[in-house]
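First up is the structure itself, then whatever we jot down about it.
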Amino acid sequence: GQQLNQSPQSMFIQEGEDVSMNCTSSSIFNTWLWYKQDPGEGPVLLIALYKAGELTSNGRLTAQFGITRKDSFLNISASIPSDVGIYFCAELRGGGKLIFGQGTELSVKP
Amino acid sequence: NAGVTQTPKFQVLKTGQSMTLQCAQDMNHNSMYWYRQDPGMGLRLIYYSASEGTTDKGEVPNGYNVSRLNKREFSLRLESAAPSQTSVYFCASSEGFQKQFFGPGTRLTVL
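Next up, the structure:
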């Protein structure tokens with residue numbers, strides 16, 4: 046079964062606020078991926094992390110690969126209405142297999 | 058380029074019926090994948106094909122079969138649909154094992 050735990054499960058925030066979500070694993074990861082899924086669409090890759098301690102930004106998004114290699118967080122700064130969606134962490138395993146977390150559903154109130 | 062396309066977008070089946078979900082990609086990717094997504098859960102891998110001519114089981118393969126028809130197309134077949142297979146099905150493709158591109162999904166209901 047899945048070994049990834051994401052929190053929180055859902056968030057309701059005001060436009061302009063910063064958002065933080067995280068993902069933990071019971072085992073060591075080699076690659077952390079963060080995806081966003083817009084309503085009615087497939088997931089889209091936001092950020093990929095490959096090294097423990099790595100901190101990577103993509104616009105208003107920042108993600109870090111935990112030093113223990115068992116966790117990762119994703120921050121969104123100055124949220125806007127189009128940030129609405131479900132954010133997934135995922136581990137990339139051998140053969141290209143992705144193992145997804147349960148997702149964090151983000152709602153942004155204008 | 059259309060990217061990854063899936064047909065149909067929606068489908069309703071009765072228990073025991075069979076159907077095939079179609080997926081095609083125009084990015085010349087070697088690897089293709091089928092996932093299912095259930096409420097409150099992330100996507101779970103059903104089957105994947107690392108290259109044309111090969112297929113392998115993922116996390117939840119029971120009740121499904123796949124065919125990698127050629128490099129572009131990867132189909133998922135339900136031989137005898139069950140209510141537990143009600144889900145949203147996503148196809149994806151990638152070059153190597155890195156960035157996977159997902160299709161828009163097929164919403165399947167089994168009554």
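As they're listed, the protein sequences go chains A and B.
Last residue of the first sequence: number 155 in my numbering, and the count goes up by one each step with no gaps.
Last residue of the second sequence: number 168 in my numbering, and the count goes up by one each step with no gaps.
The beta-carbon is built from N, C-alpha and C at its ideal position, and this holds for glycine as well.
All figures in this text were calculated on a predicted structure; none of them were measured in a lab.
Identify, in the order they occur along the chain, each residue of the same chain with its Cβ nearer than 7 Å to the Cβ of residue i, setting aside the five sequence neighbours on each side.
| i | result |
| --- | --- |
| B/T64 | Q79 |
| B/P167 | Note that residue 167 of chain B is Val in the sequence shown here, rather than Pro. Cβ within range, chain order: L70, T72, A138, A139, P140, Q142, T143. |
| A/Y95 | T76 |
| A/E60 | S124, I125, P126, V153, K154, P155 |
| A/D128 | I121, L151, V153 |
| B/G120 | L135, A139, Q142 |
| B/N122 | R134, E136 |
| B/F147 | Y92, Q94, L100, F159, G160, G162 |
How far does the beta strand (DSSP E) with residue i in it extend, from its first residue to its last?
| i | result |
| --- | --- |
| B/M89 | 88-94 |
| A/P88 | 88-94 |
| B/I103 | 100-106 |
| B/M76 | 76-82 |
| A/E150 | 149-154 |
| B/T64 | 61-64 |
| A/Q48 | Unbroken run through A/Q48: none, as it is neither H nor E. |
| A/I58 | 55-59 |
| A/F74 | Counting along the chain, A/F74 falls outside any beta strand (DSSP E), and DSSP gives it neither H nor E. |
| B/A139 | B/A139 -> no beta strand (DSSP E), and no H or E assigned at all. |
Near residue i, which residues of its chain fall below 8 Å by C-beta distance, leaving aside the five closest residues on each side in sequence?
| i | result |
| --- | --- |
| B/P118 | I103, Y104 |
| A/G148 | Q51, Q54, Q82, I131, Y132, F133 |
| A/S72 | Q48, K115 |
| A/E99 | Q109, F110 |
Looking only at its chain, what residues have a beta carbon closer than 6 Å to the beta carbon of residue i, apart from the 5 residues adjacent to it on each side?
| i | result |
| --- | --- |
| A/V89 | K81 |
| A/S55 | E150 |
| B/Q157 | A149, S151 |
| A/A93 | L78 |
| A/F74 | R114, E136 |
| B/A59 | D83 |
Identify the residues that DSSP records as bridge partners of residue i: which are they?
| i | result |
| --- | --- |
| A/M66 | A/L119 |
| B/D113 | B/Y105 |
| B/R134 | B/T77, B/N122 |
| A/G130 | A/L151 |
| A/K81 | A/V89, A/Y132 |
| A/F110 | A/S117 |
| B/L70 | B/V167 |
| A/A97 | In the DSSP output, where bridge partners are listed per residue, A/A97 has none listed. |
| A/G144 | It should be pointed out that residue 144 of chain A corresponds to Ile in this sequence rather than to Gly. Answer by DSSP bridge pairing, in chain order: A/E136. |
| A/S102 | A/T107 |
Item to complete: Flag this pair as touching only if the stretch 55-69 of chain A and the stretch 117-132 of chain A have three or more C-beta atom pairs under 8 Å; answer yes or no.
Response: The answer is yes - the stretch 117-132 of chain A touches the stretch 55-69 of chain A, with three or more Cβ pairs under 8 Å.
Worksheet item: Taking one C-beta from the stretch 105-114 of chain A and one from the stretch 78-97 of chain B each time, how about it: are there three or more such pairs within less than 8 Å?
Response: no
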